[in-house]
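Asker: This is the structure I have questions about; it appears just below.
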Amino acid sequence: MPKQIFNWLDYLAPIIVPLCFIVILFVLSLIINYIWITKNDDRTVFEKVGNNFAINNF
Numbered sequence: 007m008p009k010q011i012f013n014w015l016d017y018l019a020p021i022i023v024p025l026c027f028i029v030i031l032f033v034l035s036l037i038i039n040y041i042w043i044t045k046n047d048d049r050t051v052f053e054k055v056g057n058n059f060a061i062n063n064f
């Protein structure tokens with residue numbers, strides 16, 4: 007078998023794939039947080055702790 011010849015794009019694949027995963031995960035989390043979670047939903051434990059320490063007073 008002959009040797010494979012790689013170009014520069016082949017070496018960038020280990021960097022591009024995790025970046026695509028992170029971008030997709032970020033977009034999905036934005037969709038979940040801003041579309042599916044409403045003001046009428048129950049408060050989470052993190053929000054309750056944040057209110058105790060006045061973290062989210064804005």
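For what it's worth, my numbering labels the leading residue of the sequence shown as 7, then goes sequentially. From the three backbone atoms N, C-alpha and C, an ideal C-beta is built for every residue, glycine too. Computed from a predicted structure; not experimentally measured.
If you reduce the DSSP assignment to three classes, tell me which class Phe59 lands in.
Answerer: Three-state DSSP puts Phe59 in coil, outside helix and strand.
Asker: DSSP on Asp48, reduced to helix/strand/coil?
Answerer: If DSSP states are grouped into helix, strand and coil, Asp48 belongs with coil.
Asker: Could you tell me the distance, in whole angstroms, from the CA atom of Pro20 to the CA atom of Ile43?
Answerer: Approximately 34 Å, taken between the alpha carbons.
Asker: For Ile43, which of helix, strand or coil comes out of DSSP?
Answerer: It is coil, neither helix nor strand.
Asker: Can you give me the start and stop residues for the alpha helix (DSSP H) that Ile30 sits inside?
Answerer: Counting along the chain, the alpha helix (DSSP H) containing Ile30 begins and ends at 14-37.
Asker: Would you kindly work out how many angstroms separate the C-alpha atoms of Val29 and Val23, rounded to a whole number?
Answerer: Using only the alpha carbons, I get a separation of about 10 Å.
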